[in-house]
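Residue numbering for the sequence shown follows this note's numbering, beginning at 56 and increasing consecutively.
Below: the structure, in structure tokens.
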Amino acid sequence: MPANYPIQDSSGRQFKTLRVSLTAVCNMACVYCVTPGAIHTPSAEKVLTVEEYLSIIKNIHSQVGLKTIRLTGGEPLLFKELPVLIKGIKALGITDIKLTTNGLKLLSVLDALVEAGLTSINISLDALDPAVFRNITKNQDLRAVLDGIEAARHKGIAIKINTVVLRGVNDHQIIPLLEYASARNIPIRFLELMKMGYLHYNESDYFFGMDDIVEKISSVTSVAKMDRAPSNTATYWQTSKGMVFGVIANESEPFCSDCNRLRLDSYGKIYGCISASEGIQIKHQSAEQLSFSLQNALAQKQEYFTGSEISMKHLGG
56 MPANYPIQDS SGRQFKTLRV SLTAVCNMAC VYCVTPGAIH TPSAEKVLTV EEYLSIIKNI
116 HSQVGLKTIR LTGGEPLLFK ELPVLIKGIK ALGITDIKLT TNGLKLLSVL DALVEAGLTS
176 INISLDALDP AVFRNITKNQ DLRAVLDGIE AARHKGIAIK INTVVLRGVN DHQIIPLLEY
236 ASARNIPIRF LELMKMGYLH YNESDYFFGM DDIVEKISSV TSVAKMDRAP SNTATYWQTS
296 KGMVFGVIAN ESEPFCSDCN RLRLDSYGKI YGCISASEGI QIKHQSAEQL SFSLQNALAQ
356 KQEYFTGSEI SMKHLGG
């Protein structure tokens with residue numbers, strides 16, 4: 056049973072969402088995640104087993120009363136026992152189970168994931184133009200991603216599209232992507248480039264901020280800002296054409312003040328903040344030790360996003 060006295064920080068923030076990175080390996084090499092010029096060679100990585108993940112999740116849930124699990128990576132669809140893990144999480148009484156994926160392998164595993172208990176999917180799609188897609192992801196299989204989106208849509212599972220906007224690279228894709236998503240009644244969120252990994256100490260000419268995104272869309276239709284729901288990562292706008300889009304603006308308009316997320320990496324370390332420089336190992340901890348570690352993780356929480364040297368593929372995108 057969840058603890059009667061939820062663990063919280065001095066600002067009253069609690070952990071209700073656990074983002075679980077299943078692997079740091081990815082079958083793409085996106086320019087905002089992988090250092091330019093680096094040789095992209097996905098290799099074997101010793102990650103937690105299904106049993107270890109479930110044990111950790113169960114112990115955290117017993118202390119904080121988790122409401123949502125988001126499975127991510129790296130690329131979580133490379134975790135071969137994903138359906139088994141989802142079933143196990145659902146058996147713990149956590150029924151809001153979400154996935155963030157690049158969508159390359161989604162079509163082949165979708166039925167098994169939905170049957171296991173998956174409730175929603177966020178799919179990364181940074182371009183509709185094949186050449187732009189290839190330039191960003193270093194992968195040529197845009198069609199596989201689009202087919203995965205269509206399959207998920209027809210399956211009836213809730214889906215969202217995530218687009219990282221890069222100045223001079225795919226900012227001209229904002230309108231086509233918004234129209235694509237709107238035509239299919241799929242929510243789309245445009246993400247500001249984050250200072251994570253190799254970008255942490257580097258000023259990037261790629262940065263295309265929230266105001267730039269809204270201005271780009273405003274050039275073709277009027278927009279009205281909507282109220283942001285508590286702990287929501289995105290701020291939403293509605294256009295005069297009835298289209299709705301969100302912007303996740305970690306740099307321009309961070310949501311740190313009501314963040315309720317805890318992160319677990321594939322080695323068994325937890326992070327209380329995306330800006331944390333290192334995690335806390337909890338793989339073999341007792342309940343008492345875990346309680347202490349969760350309090351320490353809360354102490355990592357910052358009032359403003361500062362970024363981290365740790366890549367998003369390790370922390371969980």
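Glycine is no exception: its CB is placed at the ideal position from the N, C-alpha and C atoms.
Cβ pair residue i, residue j closer than 8 Å
i, j, result
"N225", "I268", "no"
"T90", "E130", "no"
"I214", "S175", "yes"
"L147", "I112", "yes"
"M249", "A304", "no"
"N240", "N177", "no"
"F263", "F300", "no"
"G128", "T78", "yes"
"A302", "T290", "The sequence given here has Val at residue 302, not Ala. Yes, the Cβ-Cβ distance between V302 and T290 is below 8 Å."
"E247", "E306", "yes"
"L183", "Y235", "yes"
For residue j and residue i, the rounded distance between their alpha carbons
i, j, result
"Q228", "P185", "11 Å"
"Q195", "V86", "14 Å"
"S76", "S321", "5 Å"
"Q69", "V275", "40 Å"
"G143", "L73", "15 Å"
"E270", "S259", "20 Å"
"G297", "R316", "31 Å"
"F134", "M83", "15 Å"
"S117", "L201", "39 Å"
Where the beta strand (DSSP E) containing residue i begins and where it ends
i, result
"T192", "No beta strand (DSSP E) holds T192; the alpha helix (DSSP H) holding it covers P185 to T192."
"L73", "T72 to S76"
"V275", "It is not in any beta strand (DSSP E) - V275 carries neither H nor E in the DSSP assignment."
Distance between beta carbons of residue j and residue i, contact taken as under 8 Å
i, j, result
"Q355", "C328", "4 Å"
"K153", "T123", "7 Å"
"L168", "L137", "7 Å"
"L233", "I272", "6 Å"
"S348", "I337", "5 Å"
"L108", "L140", "For the record, residue 108 in the displayed sequence is Tyr; it is not Leu. Y108 to L140, Cβ: 6 Å. Contact."
Beta bridge counterpart(s) of residue i as assigned by DSSP
i, result
"Y108", "Partner(s): none; Y108 has no beta bridge."
"F245", "T218 and V302"
"Q336", "K324"
"L317", "L73"
Boundaries (first-last residue) of the alpha helix (DSSP H) holding residue i
i, result
"Q350", "A342 to Q355"
"N235", "Per the sequence presented here, residue 235 reads as Tyr, with Asn not at that position. Looking at the DSSP string, the run of the alpha helix (DSSP H) that includes Y235 is I229 to A238."
Proximity test, Cβ basis, 8 Å: residue i and chain D
i, result
"R208", "You won't find chain D in this structure, because it holds only one protein chain."
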